[in-house]
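J.: I'd like to ask you about the structure that follows.
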Amino acid sequence: MLEAVAFNDLWIWHAYFGVSGSNNDINVLDQSPIFDDILDRVAPGSSFYANNTYYKYVYYLADGIYHENATFVKSFTCPREDDDRQKYFKKAQEAVRKDVERAFGVLKKKWYMIHNSCRIWHKSKIRDAMYACIILHNMILDDKGKAICQNYEDVDPPVEEVTPEERVEIRAEIRSREIHNML
Numbered sequence: 003m004l005e006a007v008a009f010n011d012l013w014i015w016h017a018y019f020g021v022s023g024s025n026n027d028i029n030v031l032d033q034s035p036i037f038d039d040i041l042d043r044v045a046p047g048s049s050f051y052a053n054n055t056y057y058k059y060v061y062y063l064a065d066g067i068y069h070e071n072a073t074f075v076k077s078f079t080c081p082r083e084d085d086d087r088q089k090y091f092k093k094a095q096e097a098v099r100k101d102v103e104r105a106f107g108v109l110k111k112k113w114y115m116i117h118n119s120c121r122i123w124h125k126s127k128i129r130d131a132m133y134a135c136i137i138l139h140n141m142i143l144d145d146k147g148k149a150i151c152q153n154y155e156d157v158d159p160p161v162e163e164v165t166p167e168e169r170v171e172i173r174a175e176i177r178s179r180e181i182h183n184m185l
């Protein structure tokens with residue numbers, strides 16, 4: 003099971019292969035390091051206002067299977083017929099969600115082993131090969147000047163010790179259904 007986040011320029015900035023076993027999207031998400039930078043307070047600031055509400059954390063466009071977390075924005079399943087804003091948002095959100103699919107479509111065209119089954123390989127080798135393909139893909143985009151992602155390599159984030167209690171509090175904020183529903 004792969005969890006991935008991509009920009010519209012095809013840059014894949016997060017990929018995580020869940021541990022083996024009976025996993026679904028939600029189990030993989032619970033084990034994923036995607037929120038670690040937020041929990042450790044090293045993620046770049048990403049606060050914003052929407053609907054007259056202040057949001058502290060970045061949000062991800064997600065489909066209906068995910069929990070109603072403060073960090074997930076889902077499309078309207080059935081936008082009201084008389085609400086052009088809801089219909090526009092649904093159309094735009096669904097178009098942007100396809101960035102990951104597009105990025106992996108490009109990967110499949112570049113590397114034969116991704117497109118065709120590699121069932122004879124051990125799962126860890128498949129994972130490592132996929133990570134290598136993703137890294138090479140991003141390097142090619144960067145080399146061609148097609149990546150719009152900012153490079154933070156030269157910036158050392160301030161080190162702030164986060165207590166276990168603070169991590170629990172931040173995790174609760176990230177998973178807030180109330181905040182999700184205000185978005």
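Reading the sequence shown from the start, the letters are residues 3 to 185 in the numbering used here.
Note that CB positions come from ideal geometry on N, CA and C, so glycine has one too.
The structure displayed is predicted, hence computed values, not measured ones.
Under three-state DSSP, which class holds F91?
T.: Three-state DSSP puts F91 in a helix.
J.: What separation, rounded to the nearest whole angstrom, lies between the Cα atoms of K110 and I137?
T.: 14 Å
J.: Identify, in the order they occur along the chain, each residue of the same chain with its Cβ nearer than 7 Å to the Cβ of K89, setting aside the five sequence neighbours on each side.
T.: P81, listed in sequence order.
J.: Going by Cα to Cα distance, which pick from E103, Y59, E5, A45 is closest to S34?
T.: E5
J.: Buried or exposed, going by whether 16 or more other CB atoms sit within 10 Å of the CB of N183?
T.: exposed
J.: So C135 packs on I116, CB below 8 Å; how close in whole Å?
T.: 6 Å
J.: Would you kindly report the start and end of the unbroken beta strand (DSSP E) that includes V75?
T.: 74 to 76
J.: One question on the structure: do W15 and L143 come within less than 7 Å of each other, judged by their Cβ atoms?
T.: no
J.: Please state the DSSP three-state secondary structure of Y59.
T.: coil
J.: Give me the residue from T73, M141, F106 with the minimum Cα distance to L41.
T.: T73
J.: What does the alpha-carbon distance come out to for the pair E162 and R43?
T.: 7 Å
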